[in-house]
Amino acid sequence: MSTYHELEEREYGKLTGHIFKRLLSVLKPHWKAVLGFLVCIALVSAIDAYTTFLSKRIIDDGIIAGSREAIVRTVILYGSVVLFQAIFTFGFIYLVGILAERVRYDLRKSMFNHLQQLSLSYFSQTPVGWIMARLTSDTERLSDLMTWGILDSTWAVINISTSAVFMFIINPKLALIVILMLPVLIVVAFRFRSNILYHYRQSRKMNSRITGAFNEGITGVRVIKALSREDDNLEEFSELTDGMYEASFKAAWLSALFLPTVQIISAIGLGIVLWRGGSQVQTGAMTIGGIQAFVSYITFIMWPIQDLARVYAHMQNAVASAERIFSLIDTEPEVKNRYNTVDIESLRGDIRFDNVHFHYEENDPVLRGLDFHVKQGEMVALVGPTGGGKTTIVNLLCRFYEPSEGTIYFNNIDYLDMKLQDIQSRIGIVLQTPHLFSGSILDNIRYGRLNATNEEIEEAARLAGAHDFVMRFDHGYDQDVGEGGNLLSVGQKQLISIARAILAEPEVFIMDEATSSVDTLTEALIQRGMERLMENRTSFVIAHRLSTIKRADQIFVIENGQITEMGTHKELIHNKGKYYNLYTKQFRQELEAQYDIFNRPEALKTSP
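Residue 275 in this note's numbering is what sits at position 275 of the sequence shown, and the numbering runs on without skipping anything.
Right, dumping it as structure tokens:
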């Protein structure tokens, strides 16, 4: 699995040609729209060149020759082709607008769908800001490149081609002079290419980090203010923005220098044509209308080249965005289905860990040869110091990660032979910090089973002990929870998450320190909801408050990735080992806290 910084560096190795092949594959499903706007833009460009040729005829055959009939005839023809040009102009603008939205939709859908398939390790190692930048700003830039960028480029190329054809019709020698200037412009473009691309890449890289800093600064604002970290955060943010400013400034400076360079070369070419053409007019080898049309064609050639330069400068930025988007899409999930998976009807049954080892980083083991057997319907409690491996066991059970060594069995079947969806859809989990989605309480509970009726949702809330407090809200189950559930207390969010788990009807249930951040009364409510949820289900409970796990059928004391003690509450207390020490120490601390509250109220004033 690549880390964030490795991912950034890997992007620089991609070839622009490869990127454009990938972009063409994105356009392939919409080839009819692409063909339509290319035909329209080609006709618009050809009519532009033809109307300029008609202006030559008006001057030479009408004005200079004194033929009113020729002027009228040419003006009517001119008006007719301009009318057709207007129709085709509407066509290509409409088609490219539709195509831009389709491409943007396809890219975002493809990335979002792929994100759903990636392993938990990807999200643990990749900043949210980096992902959000891919889904938003990079997608916008790429869709613009693939639509308006292609349109501008196509218009420029066809305009140059049609103008060159009419110039050769009018005067081949002068046309040849103009054509010989084109390689000079191409050389200039390639000289600027690598530098512009490099600095735009640096700018986009810094932008990803800035987006991540924004995200962390907003989501962690309470911690920042509590620790008075505003000035430090501002300093760190300034360093990031300074880096982005420097890279963007250099890219903008090169882009700005590009256009004047093209203009100077264009002016030189125009001067040569006017000098040679004027001489030919005096000798009669060139008409006045011809030289006027010729000057217009030179503009038709030079301005599109400047447009190509502008598009090319933006293209470098879009290519850097494309590299990032495709690097996300190309990321392979670490945890995925095997080829020959077995279909299972249920996860109900025994669960067994057989010599399970696991590490997040090489040479840094988290679990060391774990062996245990849990029977159907048992409640297992995992206790021990922070960092011992309790949450890792839960992550392995849910198959968010897979063992580095050893095997995990459900009903004597290696769970690597099962489908991920079959495992994860049958396991319910309530986390220490529950996450609620923006919306109503009803919607958040229904997330456990999307086809549930309102009556089933209310019943799940009653079983979880959440119904009473929900009904105290003005809008009841339609009450908005705010972003991330911030309008609710921790205990209320926890009870809603338990109701959501009850509604999902899991066959295996996991409670990860769900009562560590609530008061004693709320803890009692949560415990009642847990008991109802765990009835007849195999369940795993991680708890720092050991009073919540006395009823467990088995208690595992986890230290340094190993089970150091195993048994029931009574057995472990009787053995007076590590669990006994943990329990008595915590019990004594709870008694002291209660004594301080009821017998020394002044302690509340000095407590942290």
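Note that CB positions come from ideal geometry on N, CA and C, so glycine has one too.
Fair warning: this is a prediction, and the values are worked out from it, not measured in the lab.
Coil, strand or helix - residue i by DSSP
i, result
"Met-566", "strand"
"Tyr-401", "coil"
"Val-335", "coil"
"Glu-440", "According to the sequence shown, residue 440 is Ser rather than Glu. Strand, per DSSP."
"Phe-473", "coil"
"Asp-330", "coil"
"Val-103", "helix"
"Met-146", "helix"
"Arg-633", "It is not possible to answer for residue 633, since the shown part of the chain is limited to 1 through 608."
"His-574", "helix"
"Arg-551", "coil"
"Gly-387", "coil"
"Glu-505", "coil"
"Gly-129", "helix"
"Leu-24", "helix"
"His-435", "coil"
"Leu-347", "coil"
"Asn-451", "coil"
"Gly-485", "helix"
"Asn-171", "coil"
"Glu-8", "The predicted model places Glu-8 with a pLDDT of 43, which falls under 50 and marks its position as unreliable; any figure quoted below should be read in that light. Looking at Glu-8 - three-state DSSP - the assignment turns out to be helix."
"Gly-220", "coil"
"His-18", "helix"
Close-in-space but distant-in-sequence residues of the same chain around residue i (CB under 7 Å, 5 per side omitted)
i, result
"Leu-142", "Leu-107, Ala-318, Ser-321, Ala-322 and Ile-325"
"Phe-473", "Gln-479"
"Phe-20", "none"
Strand pairing of residue i, partner residues [DSSP]
i, result
"Arg-352", "His-373 and Tyr-409"
"Met-418", "Val-342"
"Leu-382", "Ile-542 and Phe-556"
"Arg-497", "Note that residue 497 is Ser in the sequence shown, not Arg. Bridge partners of Ser-497: none, in fact."
"Pro-365", "His-359"
"Asp-480", "Ser-440"
First and last residue of the uninterrupted beta strand (DSSP E) at residue i
i, result
"Gln-554", "554-559"
"Met-511", "508-512"
Sequence-distant residues of the same chain with beta carbon closer than 6 Å to residue i, five excluded per side
i, result
"Phe-37", "Phe-92, Leu-95 and Val-96"
"Pro-434", "Lys-493, Gln-494 and Ser-497"
"Arg-551", "none"
"Arg-352", "His-373 and Tyr-409"
"Phe-300", "Asn-159 and Ser-163"
"Phe-88", "Cys-40, Leu-43 and Val-44"
"Pro-260", "none"
Limits of the unbroken alpha helix (DSSP H) element including residue i
i, result
"Phe-123", "120-125"
"Val-430", "Segment 427-430 is the beta strand (DSSP E) holding Val-430; no alpha helix (DSSP H) there."
"Ser-489", "Run containing Ser-489: none; DSSP gives neither H nor E here."
"Arg-50", "It should be pointed out that residue 50 corresponds to Tyr in this sequence rather than to Arg. Per DSSP, Tyr-50 belongs to the alpha helix (DSSP H) from 31-57."
"Asn-454", "454-464"
"Met-286", "Note, Met-286: premise wrong, no alpha helix (DSSP H); not H, not E."
Other residues of its chain near residue i: CB distance less than 8 Å, five sequence neighbours each side excluded
i, result
"Ile-573", "Tyr-579, Tyr-580 and Tyr-583"
"Ser-296", "Thr-52 and Ser-55"
"Thr-606", "Any answer about Thr-606 is weak, because its pLDDT of 38 lies below 50 and its placement is not dependable; what the coordinates show is given next. Result list for Thr-606: empty, nothing under 8 Å."
"Gln-424", "Cys-398 and Arg-399"
Proximity of residue i and residue j at Cβ, strictly below 7 Å
i, j, result
"Val-430", "Met-511", "yes"
"Ser-203", "Met-146", "no"
"Ile-47", "Val-26", "no"
"Ile-445", "Arg-528", "no"
"Leu-396", "Ala-452", "no"
"Asn-363", "Gly-406", "no"
"Glu-334", "Ser-119", "yes"
"Val-184", "Ile-265", "yes"
"Glu-378", "Thr-538", "yes"
"Ile-298", "Leu-270", "yes"
"Ala-133", "His-199", "no"
"Asp-417", "Val-342", "yes"
"Gly-220", "Arg-368", "no"
"Ala-33", "Leu-83", "no"
"Leu-240", "Ile-210", "yes"
Neighbour flag for residue i against chain B, beta carbons, 7 Å
i, result
"Ala-100", "Absent from the structure: chain B. Only one protein chain is present."
Distance cut-off 6 Å: residue i Cβ against heavy atoms of the ligand NAD
i, result
"Asp-242", "With respect to the ligand NAD, the structure offers nothing, as it holds no ligand at all."
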